[in-house]
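Novice: Mind looking over this structure? Questions follow.
Number of protein chains: 2
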Amino acid sequence: MSDERIRLGHGSGGRLTHELIEGLFLPKLDNPVLRELADAAVVGLGDHRFAFTTDAHVVSPLEFPGGDIGRLAVNGTINDVAVSGARPVALSAAFILEEGLEIALLERVATSVADAAREAGVPVVTGDTKVVERGSADGMFITTTGVGVFDPGRSLCGDPIVSGDRILVSGPVGDHGVTIMAQRGGIRLEGDLRSDTAPVHDLVRDLLQASDGVKRLRDPTRGGVATVLCEIAAGAGRAVRIVEETVPVRPPVRAACDILGLDPLYVACEGRVVAVVSEREAPVARAALSRHPLGEGAAEIGEVREGPAGRVTARTRIGGERIVDMLSGDQLPRIC
Amino acid sequence: MSDERIRLGHGSGGRLTHELIEGLFLPKLDNPVLRELADAAVVGLGDHRFAFTTDAHVVSPLEFPGGDIGRLAVNGTINDVAVSGARPVALSAAFILEEGLEIALLERVATSVADAAREAGVPVVTGDTKVVERGSADGMFITTTGVGVFDPGRSLCGDPIVSGDRILVSGPVGDHGVTIMAQRGGIRLEGDLRSDTAPVHDLVRDLLQASDGVKRLRDPTRGGVATVLCEIAAGAGRAVRIVEETVPVRPPVRAACDILGLDPLYVACEGRVVAVVSEREAPVARAALSRHPLGEGAAEIGEVREGPAGRVTARTRIGGERIVDMLSGDQLPRIC
Chain Y
1 MSDERIRLGH GSGGRLTHEL IEGLFLPKLD NPVLRELADA AVVGLGDHRF
51 AFTTDAHVVS PLEFPGGDIG RLAVNGTIND VAVSGARPVA LSAAFILEEG
101 LEIALLERVA TSVADAAREA GVPVVTGDTK VVERGSADGM FITTTGVGVF
151 DPGRSLCGDP IVSGDRILVS GPVGDHGVTI MAQRGGIRLE GDLRSDTAPV
201 HDLVRDLLQA SDGVKRLRDP TRGGVATVLC EIAAGAGRAV RIVEETVPVR
251 PPVRAACDIL GLDPLYVACE GRVVAVVSER EAPVARAALS RHPLGEGAAE
301 IGEVREGPAG RVTARTRIGG ERIVDMLSGD QLPRIC
Chain A
1001 MSDERIRLGH GSGGRLTHEL IEGLFLPKLD NPVLRELADA AVVGLGDHRF
1051 AFTTDAHVVS PLEFPGGDIG RLAVNGTIND VAVSGARPVA LSAAFILEEG
1101 LEIALLERVA TSVADAAREA GVPVVTGDTK VVERGSADGM FITTTGVGVF
1151 DPGRSLCGDP IVSGDRILVS GPVGDHGVTI MAQRGGIRLE GDLRSDTAPV
1201 HDLVRDLLQA SDGVKRLRDP TRGGVATVLC EIAAGAGRAV RIVEETVPVR
1251 PPVRAACDIL GLDPLYVACE GRVVAVVSER EAPVARAALS RHPLGEGAAE
1301 IGEVREGPAG RVTARTRIGG ERIVDMLSGD QLPRIC
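Read top to bottom, the protein sequences are chains Y and A. Using the working numbering, read the first sequence as starting at 1 and increasing by one per residue. Using the working numbering, read the second sequence as starting at 1001 and increasing by one per residue.
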């Protein structure tokens, strides 16, 4: 791809991002830990293992209903650590600021970073600040990195994903992405649209303590639930089938998606978890999710099946069957 | 400072950066680890401690004699871990790409990241890629984060800094910063100007194994040796005096500094270490530095003295005495 240029879609989290990672980064940087391409890497450290994850946040606008880039950055990194099964213990935050940025805005964002870290109980222990000339960045970017530890007695079960495993989602999907898109387009919509940004580490802790049948957890951000399911199916060498009407979507989110021409399955969540759970444990796991405030509205949305590796299908509301592909193209840039 | 705006100097690593960190970030994010403001945070993890550090890299131009943003990012983070006394074990890399960036350039930089990581023996185990619209970034930014472990038998000695301690530098200063400034200005200079970007973790290991008198190590990047000495003096509650003619500066670097109007003491190094060593151990430490290829040209440049906390002075070549203040103002933006 040497004669080509970077497109917005390379950052969408969907197919072009995968092509960039698998075609360009992986062959060069190849090592066993990176090759896993998990939300967090798991690194051995003497007798211990720790989880390690990083995310650059470039969301536009910087402030939006329900949060801002600071809160999003802290929660996003906590969530990437949490879905690996680890307990987040420390964060770093590196700011790239554009010359001319209002310091009052930076103060609000720094307050959000501090508040989110305090609420989650995960301190920001190190950081960096760089400034670039006016026009060389868009206000502010924040890269957060997190470290987590694996506590005994609460972890992913380690069994392979097999046919019959259930797919759970911890609550309604699409709130974050549609809030950003509506805000960016200056579209005023009826109803309460706000980002669902939240730290899911306590929810994950409760889930893993309640059930030993949780095989995989994912954080459906860029690319949404659809892209995460495609990745899960491909990784497991199996197919996934979901039932569209069981996927929880709040009415204002559905209405906004209709207006904006978006499929909620592809719209980013920032406080949700997708879980693959054994058939036997699915009711226990769903109940555990529902008991936590962030798991209100948890639902079973589908199951793993034999079939072509990586194929995801959805039974539609009118009873048909459609292919759910990975997000492709340039939709939804700068959603996180 | 709420009615103000961010200036380039807020990212210089000098006085304005300190004001931003101490006036805005610290009061909000305050916690005991962050308050240390070390190159790397030291975090407890069960019975273990680990070092954790992050740096956003925004160097312009992206490629320069002796390296590029990828090599700089990997080495910079390894060095921040190393000067805490820890052994770097894992890195993350988060890329922010501008739409329209040539993929061939990204490939060269990714190759540099991979080469630098392999040469240093520290793998990049996790990463992220985001893309922003044309004009919303300047080509490419890379934020690297590193984790290190503290090995028994090689650490900073922990004694307080006292009068008589010696200041060592591991080699000639200013090569990186002056190379970037010359390249950016399109200035063709006589002689061999190239960045000194290099990973100093093996040099630090050798130093700490050879001497138990090493009290403090710093990485003189943004703000150069002068700013690091001001920080050391302030932290120790003492004064520092250096002898200008003992500070090693390669002739082409000195010539370029003269032309560009720069003081080499303020120009960033990316492969050097400043060490505070007990008077007794200074010869051993200097010899240990000199035995390593990256320590060629190591020199003792001054000492700690009683005096106002944070005051750094230099005996000039003509025998006078001048104050060496922290870098202030907007000089040398986007040097790393």
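By construction, the Cβ of each residue, glycine as well, lies at the ideal position given by its N, Cα and C atoms.
1. Determine the direct distance from the alpha carbon of L1193/A to that of E1133/A, and round the result to whole angstroms.
2. Tell me where the alpha helix (DSSP H) around H1292/A begins and ends.
3. What residues are listed by DSSP as bridge partners for L1217/A?
4. Name the chain Y residues whose beta carbon is nearer than 8 Å to that of H990/A?
5. Using a 10 Å radius around the Cβ and a threshold of 16 neighbouring Cβ atoms, would you call R71/Y buried or exposed?
6. Please name the residues in the segment 107-123 of chain Y whose beta-carbon is closer than 8 Å to at least one beta-carbon of chain A, in chain order.
7. Closest to V285/Y by CA distance: which of T313/Y, R205/Y, A236/Y, T246/Y is it?
8. Are F298/Y and A210/Y closer than 7 Å when you measure CB to CB?
9. Which one or two residues does DSSP pair with S1092/A in a beta bridge?
10. Under a CB-based cut-off of 7 Å, is V1132/A close to chain Y?
11. Compare the beta carbon distance of T1227/A and L1327/A with 7 Å and say whether it is the shorter of the two.
12. Comparing C-alpha positions only, which one of R272/Y, G148/Y, T197/Y, L265/Y sits nearest to R322/Y?
13. With distances taken between CB atoms, is the gap from V1042/A to V1089/A smaller than 7 Å?
14. Just list the residues that DSSP pairs R1005/A with in beta bridges.
15. Counting only the same chain and skipping the five closest in sequence on each side, list residues whose C-beta sits under 6 Å from that of L217/Y.
16. Any beta-carbon of chain Y closer than 7 Å to the one on H1010/A?
17. Using a Cβ cut-off of 7 Å, pull out every chain Y residue sitting near F1052/A, in sequence order please.
18. With burial defined as no fewer than 16 other Cβ atoms inside 10 Å of the residue's Cβ, what is the status of S1002/A: buried or exposed?
19. Can you name the residues of chain Y whose CB is closer than 8 Å to the CB of F1064/A?
20. What separation, rounded to the nearest whole angstrom, lies between the Cα atoms of P1065/A and V240/Y?
21. Which residues in the same chain have their Cβ closer than 7 Å to the Cβ of T17/Y, if we skip the five residues on either side of it in sequence?
22. Taking three-plus beta-carbon pairs below 8 Å as touching, is the segment 1019-1035 of chain A in contact with the segment 45-56 of chain Y?
23. Assign T1316/A to one of two classes, buried (16 or more other C-beta atoms within 10 Å of its C-beta) or exposed (fewer than that).
24. Just list the residues that DSSP pairs G44/Y with in beta bridges.
25. Quick one: what's M1140/A bridged to in DSSP?
26. DSSP on E1270/A, reduced to helix/strand/coil?
27. List the residues of chain A that P333/Y touches, going by C-beta distances under 8 Å, in chain order.
28. Is L1105/A close to chain Y, meaning its C-beta is less than 7 Å from at least one C-beta of that chain?
29. Please work out which residues of its chain come closer than 7 Å, Cβ to Cβ, to V1059/A, disregarding the five sequence neighbours upstream and downstream, and give them in chain order.
30. Taking P220/Y as the reference, which of D263/Y, G237/Y, R188/Y, V173/Y has the closest Cα?
31. Helix, strand or coil for E1019/A? Go by DSSP, reduced to three states.
32. Check whether chain A comes within 7 Å of S2/Y, counting only Cβ atoms and requiring the distance to be less than that.
33. Are S1136/A and D55/Y close, meaning C-beta to C-beta below 7 Å?
34. What residues in the segment 30-45 of chain Y have a beta carbon less than 7 Å from any beta carbon of chain A?
Specialist: Taking the geometry as given:
1. Their Cα atoms are separated by approximately 34 Å.
2. Where H1292/A is concerned, there is no enclosing alpha helix (DSSP H), given that its DSSP letter is neither H nor E.
3. Per DSSP, the beta-bridge partners of L1217/A are A1275/A.
4. With chain A running from 1001 to 1336 in the structure shown, residue 990/A is simply not present.
5. Sixteen is the threshold: when 16 or more other Cβ atoms of the shown chains lie within 10 Å of the Cβ of R71/Y, as they do, the residue is buried.
6. Here the close residues are E107, A110, T111, V113, A114, A117, P123.
7. Per the sequence shown, the amino acid found at residue 285/Y is Ala instead of Val. Checking every option, the nearest Cα to that of A285/Y belongs to R205/Y.
8. The amino acid at residue 298/Y is misidentified as Phe; the sequence shows Ala. The answer is no: Cβ separation not under 7 Å.
9. Note: S1092/A sits in a beta bridge opposite T1126/A, T1145/A.
10. Taking Cβ atoms only, chain Y reaches closer than 7 Å to V1132/A, which makes this a yes.
11. In contact: T1227/A and L1327/A (Cβ atoms closer than 7 Å).
12. Measuring C-alpha to C-alpha distances from R322/Y to each of R272/Y, G148/Y, T197/Y, L265/Y identifies L265/Y as the nearest.
13. Cβ atoms of V1042/A and V1089/A: not closer than 7 Å.
14. Paired residues: E102/Y.
15. In the same chain as L217/Y, and ignoring 5 residues on each side of it, the C-beta atoms closer than 6 Å to its own belong to V83, V273, A275, in chain order.
16. Nearest CB-CB separation between H1010/A and chain Y: below the 7 Å threshold.
17. Correct list: A90, S92, V125, T126, V147.
18. With a pLDDT of 46 at S1002/A, under the threshold of 50, the predicted position of this residue should be treated as unreliable, and no value is reported.
19. What F1064/A touches in chain Y: nothing, since even the nearest Cβ is about 17 Å away.
20. Taking the straight line joining both Cα atoms gives about 51 Å.
21. The answer, listed in chain order, is H10, G11.
22. Contact between the segment 1019-1035 of chain A and the segment 45-56 of chain Y is absent, because fewer than three Cβ pairs lie under 8 Å.
23. Residue burial annotation: T1316/A is exposed, with fewer than 16 other C-beta atoms found within 10 angstroms of its C-beta.
24. Answer is R49/Y.
25. The secondary-structure analysis by DSSP pairs M1140/A across a beta bridge with L1097/A.
26. Judged by DSSP in its simplified three-state form, E1270/A adopts coil rather than helix or strand.
27. Chain A residues near P333/Y: V1131, V1132, E1133.
28. L1105/A does not count as touching chain Y.
29. Closer than 7 Å at Cβ, skipping near neighbours: I1069, L1072, I1180, R1334, I1335, C1336.
30. P220/Y has its Cα closest to that of V173/Y, out of D263/Y, G237/Y, R188/Y, V173/Y.
31. E1019/A falls in the helix class under three-state DSSP.
32. Any reading at S2/Y must be qualified, since the residue scores a pLDDT of 46, below 50, and its modelled position is unreliable; no value is offered.
33. No, they are not a contact pair.
34. If you check each beta-carbon in the segment 30-45 of chain Y against every beta-carbon of chain A, the ones closer than 7 Å belong to N31, V33, L34, A40, A41, V43, L45.
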